[in-house]
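Visitor: If you scroll down you'll find the structure; I have some questions about it.
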Amino acid sequence: MQLSPDEITVWDLGPVTLNATVVFSWLVMIILVGGAWLVTRNLSSGPRISRWQNLLETVVVLTRSQIRDITQQDPGRYMAFIGTLFLFISVSNLLSIIPGYSAPTGSLSTTAALAICVFVAVPVFGIMERGVLGYLRNYIEPTPLMLPFNIISELSRTMALAVRLFGNIMSGRILIAILLSIVPLLVPVVLEILGLLIGQIQAYIFAVLATVYIASATTKS
Amino acid sequence: MEQTTVIGLGSIIVAGLTMALGAIAPALAEGRAVAQALASMAQQPDESNNISRTLFVGLALIESTAIYCFVVAMIIIFFNPFWDYVVAQAGG
Numbered sequence: 024m025q026l027s028p029d030e031i032t033v034w035d036l037g038p039v040t041l042n043a044t045v046v047f048s049w050l051v052m053i054i055l056v057g058g059a060w061l062v063t064r065n066l067s068s069g070p071r072i073s074r075w076q077n078l079l080e081t082v083v084v085l086t087r088s089q090i091r092d093i094t095q096q097d098p099g100r101y102m103a104f105i106g107t108l109f110l111f112i113s114v115s116n117l118l119s120i121i122p123g124y125s126a127p128t129g130s131l132s133t134t135a136a137l138a139i140c141v142f143v144a145v146p147v148f149g150i151m152e153r154g155v156l157g158y159l160r161n162y163i164e165p166t167p168l169m170l171p172f173n174i175i176s177e178l179s180r181t182m183a184l185a186v187r188l189f190g191n192i193m194s195g196r197i198l199i200a201i202l203l204s205i206v207p208l209l210v211p212v213v214l215e216i217l218g219l220l221i222g223q224i225q226a227y228i229f230a231v232l233a234t235v236y237i238a239s240a241t242t243k244s
Numbered sequence: 005m006e007q008t009t010v011i012g013l014g015s016i017i018v019a020g021l022t023m024a025l026g027a028i029a030p031a032l033a034e035g036r037a038v039a040q041a042l043a044s045m046a047q048q049p050d051e052s053n054n055i056s057r058t059l060f061v062g063l064a065l066i067e068s069t070a071i072y073c074f075v076v077a078m079i080i081i082f083f084n085p086f087w088d089y090v091v092a093q094a095g096g
């Protein structure tokens, strides 16, 4: 039993081996980009819009309102990053209903990469909003004695983001694999439903936590 | 007892205990968090959205300690380096 799709090799090209994580990540990327391109080919701003445009508009409006609620700022420049995080994790967890598909977020490589993106984005947004000195003042904010604790908390919350997403998705996968060998009749279906729900909740949690970290680095006090 | 037996026995017992003990505190904490959130939603129904969102974020943070325990238990059962080592030694 494989702990993650990293160990399933799809194609061995000599110096590089393609494993299932990379291939399924590409599949999710193709679905997201291709779907968005297909929907936005003829956008209409009149009273009649296609249902797919309606769906995308709903997603965009909801994401913007959530970001505005949490950061208390204009969501313009954070929308691309947070929206991409949410859509990528949500679609890659949702597609696990397809047989033969293994969610790329069930591998520590993918979740660590996403967490490192958040770790880099927080200082970038903080410096864009408050300048270098203003951002660095954040670390000695209550008192300069808190400096080591602030640094440690930055590192540990990044690791926590990665392991939380990885643990939730991997545990769903392994639970279903074990149940298929014990009680294969109807119980794995119920747990698959729970796994899909947890996948969507974890996508929301990842995006909301990234927004909270960015908000804590960009508030002008 | 020989080495293989000791390592196998220790791994199984520790994996079970890790998961069992590690799930007690997060479950109690989540129960308290949900109870408090329901009480405040009853007191201020207008703020339900805000309270729900904060509740979910808090639950995810509390849940992560239980997930850490699960990941460690899985690693001990399926990807135990000590077990691989003694099996390789006993086989070779």
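Chains A and B, in that order, give the protein sequences.
All letters in the first sequence, in the order written, are residues 24 to 244 by our numbering.
All letters in the second sequence, in the order written, are residues 5 to 96 by our numbering.
Built from N, CA and C at the ideal position, the CB exists for glycine as well.
Say whether chain B places a C-beta atom closer than 8 Å to the C-beta of V210 of chain A.
Guide: Not an interface residue.
Visitor: What residue range does the beta strand (DSSP E) around T22 of chain B cover?
Guide: T22 of chain B -> not in any beta strand (DSSP E); alpha helix (DSSP H) instead, spanning 7-26.
Visitor: Would you verify that the beta carbon of S68 of chain B is, or is not, closer than 8 Å to some beta carbon of chain A?
Guide: Chain A, which has a Cβ nearer than 8 Å to the Cβ of S68 of chain B, makes this yes.
Visitor: Is the CB of A183 of chain A under 8 Å away from at least one CB in chain B?
Guide: Judged by the 8 Å Cβ criterion, A183 of chain A is in contact with chain B.
Visitor: For the stretch 165-199 of chain A, which residues have a CB atom closer than 8 Å to at least one CB atom of chain B, in sequence order?
Guide: So the list reads A183, V186, R187, F189, G190, N191, M193, S194, I197, given in the order they occur along the chain.
Visitor: Report the residue from A:K243, A:E215, A:S119, A:I93 whose alpha carbon sits nearest the alpha carbon of M151 of chain A.
Guide: Among A:K243, A:E215, A:S119, A:I93, the Cα nearest to that of M151 of chain A belongs to A:K243.
Visitor: Cα-Cα, which of A:W49, A:I192, A:T234, A:P211 is closest to S130 of chain A?
Guide: The shortest Cα separation from S130 of chain A among A:W49, A:I192, A:T234, A:P211 belongs to A:I192.
Visitor: Count the C-beta pairs between the stretch 70-88 of chain A and the stretch 153-171 of chain A that are closer than 8 Å, then say yes if the count reaches three, no if not.
Guide: Judged by Cβ distances under 8 Å, the stretch 70-88 of chain A makes no contact with the stretch 153-171 of chain A, as fewer than three pairs qualify.
Visitor: Give, in chain order, every residue of the stretch 106-119 of chain A whose Cβ lies closer than 9 Å to some Cβ of chain B.
Guide: So the list is empty, because no residue satisfies the distance condition.
Visitor: Flag this pair as yes or no: are the beta carbons of V98 of chain B and L217 of chain A separated by less than 8 Å?
Guide: Nothing about residue 98 of chain B can be read from this structure; chain B reaches only from 5 to 96.
Visitor: Taking the beta strand (DSSP E) that D35 of chain A belongs to, which residues open and close that run?
Guide: Counting along the chain, the beta strand (DSSP E) containing D35 of chain A begins and ends at 32-36.
Visitor: For a minimum of 4 consecutive residues, which ranges assigned as the alpha helix (DSSP H) are wholly contained in the stretch 112-168 of chain A?
Guide: Counting whole runs of 4 or more residues, the stretch 112-168 of chain A contains the alpha helix (DSSP H) stretches 131-160.
Visitor: Residues of chain A with a CB under 9 Å from the CB of F83 of chain B: which are they?
Guide: Going along chain A in sequence order, the residues near F83 of chain B (Cβ under 9 Å) are L26.
Visitor: Three or more beta-carbon pairs under 8 Å between the stretch 70-77 of chain B and the stretch 220-238 of chain A, yes or no?
Guide: Result no; under three Cβ-Cβ pairs closer than 8 Å.
Visitor: Could you tell me the alpha carbon to alpha carbon distance between S132 of chain A and Q48 of chain B, rounded to whole angstroms?
Guide: So the alpha carbons of these two residues sit roughly 43 Å apart.
Visitor: Work out the CA separation of L66 of chain A and A59 of chain A for me, nearest whole Å.
Guide: The alpha-carbon atoms of A59 of chain A and L66 of chain A are separated by roughly 11 Å.
Visitor: In three-state terms, what does DSSP make of T40 of chain A?
Guide: Here T40 of chain A sits in strand by DSSP.
Visitor: What residues in the stretch 214-237 of chain A bring their beta carbon closer than 8 Å to a beta carbon of chain B?
Guide: Taking 8 Å as the Cβ-Cβ cut-off against chain B, the residues of the stretch 214-237 of chain A that qualify are I224, Q225, Y227, I228, V231, L232, V235.
Visitor: Between which two residues does the alpha helix (DSSP H) carrying V82 of chain A extend?
Guide: Looking at the DSSP string, the run of the alpha helix (DSSP H) that includes V82 of chain A is 74-94.
Visitor: Along the chain, where does the alpha helix (DSSP H) containing E67 of chain B start, and where does it finish?
Guide: Taken as a continuous stretch (DSSP letters only), the alpha helix (DSSP H) holding E67 of chain B covers 52-82.
Visitor: Using a 10 Å radius around the Cβ and a threshold of 16 neighbouring Cβ atoms, would you call L32 of chain B buried or exposed?
Guide: Answer is exposed; the Cβ neighbour count stays below 16.
Visitor: Specify the secondary structure class of R196 of chain A as computed by DSSP and reduced to three states.
Guide: Helix at R196 of chain A.
Visitor: For the candidate residues A:Q76, A:L78, A:G99, A:S73, whose alpha-carbon lies nearest to that of R87 of chain A?
Guide: Of the candidates A:Q76, A:L78, A:G99, A:S73, the one whose C-alpha sits nearest the C-alpha of R87 of chain A is A:G99.
Visitor: Using C-beta distances below 8 Å, list every residue in its chain close to S44 of chain B, excluding the 5 sequence neighbours before and after it, in chain order.
Guide: Excluding positions up to five away in sequence, the list reads E51, I55.
Visitor: F86 of chain B versus chain A: which residues are under 9 Å apart at the beta carbon?
Guide: Here the premise fails: no neighbours, minimum Cβ distance about 17 Å.
Visitor: Name, please, each residue of chain A whose Cβ falls closer than 8 Å to the Cβ of V61 of chain B.
Guide: Within 8 Å Cβ-Cβ: I228, V231, L232, V235.
Visitor: Taking 8 Å as the threshold, find out whether the stretch 42-50 of chain A comes into contact with the stretch 109-128 of chain A through three or more Cβ pairs.
Guide: Judged by Cβ distances under 8 Å, the stretch 42-50 of chain A makes contact with the stretch 109-128 of chain A, as three or more pairs qualify.
Visitor: Have a look at P70 of chain A and G123 of chain A and give me their C-alpha separation to the nearest angstrom.
Guide: Going by the C-alpha atoms only, they are around 41 Å apart.
Visitor: Taking 8 Å as the CB-CB cut-off, is A19 of chain B touching chain A?
Guide: Not closer than 8 Å to any Cβ of chain A, the Cβ of A19 of chain B fails to qualify, so no.
Visitor: Measuring CB to CB, does A185 of chain A end up less than 8 Å from A135 of chain A?
Guide: Yes. Within cutoff.
Visitor: Given a cut-off of 8 Å on the beta-carbon distance, is the pair I112 of chain A and M102 of chain A in contact?
Guide: Against a cut-off of 8 Å, the Cβ pair of M102 of chain A and I112 of chain A comes out as no contact.
Visitor: Kindly indicate if chain A contains any beta-carbon less than 8 Å away from that of V91 of chain B.
Guide: It does not; no Cβ of chain A falls within 8 Å.
Visitor: How big is the Cα-Cα spacing for A43 of chain A and L36 of chain A?
Guide: Distance between the alpha carbons of A43 of chain A and L36 of chain A: 14 Å.
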